[in-house]
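**Student:** Right, I'll just put the structure down here and ask away after.
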Ligand SMILES: C[S@@+](CC[C@H](N)C(=O)[O-])C[C@H]1O[C@@H](n2cnc3c(N)ncnc32)[C@H](O)[C@@H]1O
């Protein structure tokens, strides 16, 4: 699905635009260097942010220890990671679970090569493809699917006119609007109380596809548009999340924060138990007086402190969803 705008029957005013990162990821992406994911931020053992956590460790090890509370990791064999970036998370998971047979699926040839370097010597297969186009049967072979910080890259509808939600599906010809109506109808999604809204249609389709394929264990982590700061941190961090997926402009492409409540409803409908929370549940910040002082300064006095403020805020702006098939 390339980026495009679709106008109403009367022409002129767009009913929605579609944001796609496909072209960027297939052809233009050279590295993730400028797009610092939480996982990559925590990767270097000497990164200054690790010491602000209760447990100073890598993202993958901390996530592994959280996941084992919900998933019987020792019994899980076949694992697929979609959009694995540099492969650091999978390397950590394989270090902890040497019995995993892993598959890395990625749309970016450059990143898939990088994953092959990181995961050299491990039992891993690779698929270069757009996960939106992967046949559901492929996913159905896996016991665990991991999607960390990538659903924001999947297609999003932007500036969708909320009046379309009142349309009778039998009178609608545009397949995208038909799909939107199907999602709202089938899953009983809350209707946004604004004239125009953004919709993570790709993330919703991906979640639905994994659920329909019957993958018994699924982990999703991404920037949320419904994040909340805990009361203790309210005075220090200011989260920009009003429930409408927000555009984040990055080098060469835009991504959108995720409306987790919709993904949770989709999974619930398909018979999954869901656990949802902020990344801070497993990347627990150590709220010392020193950290409070850094946060109170808003990182204005040094680049390092600015990075720490950004990181701590990310721990609450990013949410995760653990899905277990009942
Ligand atoms: C922001 S990076 C996150 C990388 C890694 N998971 C991390 O947390 O550091 C997004 C990843 O998703 C991949 N990606 C984006 N859209 C995709 C799609 N439609 N199908 C498969 N992979 C995709 C990108 O190539 C990249 O590897």
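Numbering (the working numbering), first residue to last: 280 to 605.
Think of the CB as a built atom: it goes at the ideal place given N, C-alpha and C, for glycine as much as any other residue.
In this text the structure is predicted, and so the values were computed from the model without any measurement.
Report whether the distance from the Cβ of residue 304 to the nearest heavy atom of ligand 1 is below 7 Å.
**Tutor:** Indeed, a heavy atom of ligand 1 lies less than 7 Å from the Cβ.
**Student:** Measuring alpha carbon to alpha carbon, tell me which of 302, 345, 591, 588 ends up nearest residue 408.
**Tutor:** It is 302.
**Student:** Out of 361, 420, 299, 582, which one is the CA nearest neighbour of residue 532?
**Tutor:** The candidate whose alpha carbon is nearest that of residue 532 is 299.
**Student:** Identify whether residue 394 lies in helix, strand or coil by the three-state DSSP scheme.
**Tutor:** Helix at residue 394.
**Student:** Should the stretch 507-520 be called in touch with the stretch 467-485, which here means at least 3 C-beta pairs below 8 Å?
**Tutor:** As far as the Cβ criterion goes, the stretch 507-520 does not touch the stretch 467-485, which means the pair count is below three.
**Student:** Go through the stretch 501-552 residue by residue and report every complete run of the beta strand (DSSP E) that reaches 3 residues or more, in order.
**Tutor:** If we require 3 residues or more, the beta strand (DSSP E) runs fully inside the stretch 501-552 come out as 526-529, 532-535.
**Student:** State the CB to CB distance for the pair residue 539 and residue 491, rounded to an integer number of angstroms; the pair is presumed to be in contact (CB under 8 Å).
**Tutor:** Going by Cβ atoms, the distance from residue 539 to residue 491 rounds to 19 Å, so no, they are not a contact pair.
**Student:** Which residues share a DSSP beta bridge with residue 556?
**Tutor:** Paired residue(s): 599.
**Student:** Do residue 474 and residue 441 count as a contact pair if the criterion is CB distance below 8 Å?
**Tutor:** A contact, by the Cβ cut-off of 8 Å.
**Student:** How is the beta strand (DSSP E) around residue 418 delimited, first residue to last?
**Tutor:** Residue 418 -> not in any beta strand (DSSP E); alpha helix (DSSP H) instead, spanning 415-419.
**Student:** Quick one: which unbroken alpha helix (DSSP H) runs of 4-plus residues sit fully inside the stretch 438-504? Chain order, please.
**Tutor:** If we require 4 residues or more, the alpha helix (DSSP H) runs fully inside the stretch 438-504 come out as 454-466, 480-491.
**Student:** Does the separation of the CB atoms of residue 522 and residue 501 fall below 8 Å?
**Tutor:** For residue 522 and residue 501, no; Cβs fall outside 8 Å.
**Student:** Can you list, in chain order, the residues of its chain whose CB lies under 7 Å from that of residue 588, leaving out five sequence neighbours each side?
**Tutor:** Cβ neighbours of residue 588 beyond the five flanking positions: 573, 574, 577, 578.
**Student:** Report yes if the C-beta of residue 314 is less than 7 Å from at least one heavy atom of ligand 1; otherwise report no.
**Tutor:** The answer is yes for residue 314.
**Student:** State the Cα-Cα distance for the pair residue 413 and residue 391, rounded to the nearest angstrom.
**Tutor:** Rounded to the nearest angstrom, the two C-alpha atoms are 16 Å apart.
**Student:** Could you check if residue 335 belongs to the surroundings of ligand 1, using beta carbon to heavy atom distance under 7 Å?
**Tutor:** Because no heavy atom of ligand 1 lies under 7 Å away, the Cβ of residue 335 does not count as near it: no.
**Student:** For residue 550, which residues in the same chain have their Cβ closer than 6 Å to its Cβ, ignoring the five residues on either side in sequence?
**Tutor:** So the list reads 605, once near-sequence residues are dropped.
**Student:** Could you check what DSSP says for residue 408 in three-state terms: helix, strand or coil?
**Tutor:** Coil at residue 408, not helix or strand.
**Student:** Are the CB atoms of residue 524 and residue 477 within a distance shorter than 8 Å?
**Tutor:** Yes, they are a contact pair.
**Student:** Nearest-angstrom Cα distance between residue 310 and residue 393?
**Tutor:** Taking the straight line from one Cα to the other gives about 9 Å.
**Student:** So residue 503 and residue 596 are supposed to be a Cβ contact under 8 Å. How far apart are they, rounded?
**Tutor:** At roughly 6 Å, the Cβ-Cβ gap stays under 8 Å, so residue 503 and residue 596 are in contact.
**Student:** Is any non-hydrogen atom of ligand 1 found closer than 7 Å to the C-beta of residue 362, if you look at the structure I gave you?
**Tutor:** Yes.
**Student:** Apart from the five residues on each side of it in sequence, which residues of its chain come closer than 7 Å, Cβ to Cβ, to residue 420?
**Tutor:** Same-chain partners within the cutoff: 357.
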